[in-house]
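To start, the structure itself, in structure tokens.
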Amino acid sequence: TGPIKVGGEEFKQLAPIPMPPMGLTYQQIADVLTYVRSQFGNKAPPVKVDDVKAVRSAAADRTTFWTAEELKK
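All residue numbers for the sequence shown refer to my numbering, where the first residue is 1008 and numbers rise by one.
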């Protein structure tokens, strides 16, 4: 949620509400993450479903949307 900077350029939210969850499966999330990072020249291996499960499990109690600052950590 909120504005983000990419390559020094700031992008603001178009609407005052965050994007709602999409209800994707763990496999679909891993596939999307793998695709997105590969499009920016990252040569890392595909994202594993078990890694997606671990992150989702670690954030299971979260009740708010992530901010760009939080995602930098």
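All residues carry an ideal CB built from backbone N, CA and C; glycine is no exception.
- The alpha-carbon separation between K1055 and A1037 amounts to approximately 6 Å.
- Note on geometry: alpha-carbon atoms of G1009 and E1076 lie some 10 Å from one another.
- Checking the DSSP bridge columns, you'll see E1017 partnered with K1012.
- P1053 places its beta carbon less than 8 Å from that of T1041.
- Only exposed fits V1043, as fewer than 16 other CB atoms lie within 10 angstroms of its CB.
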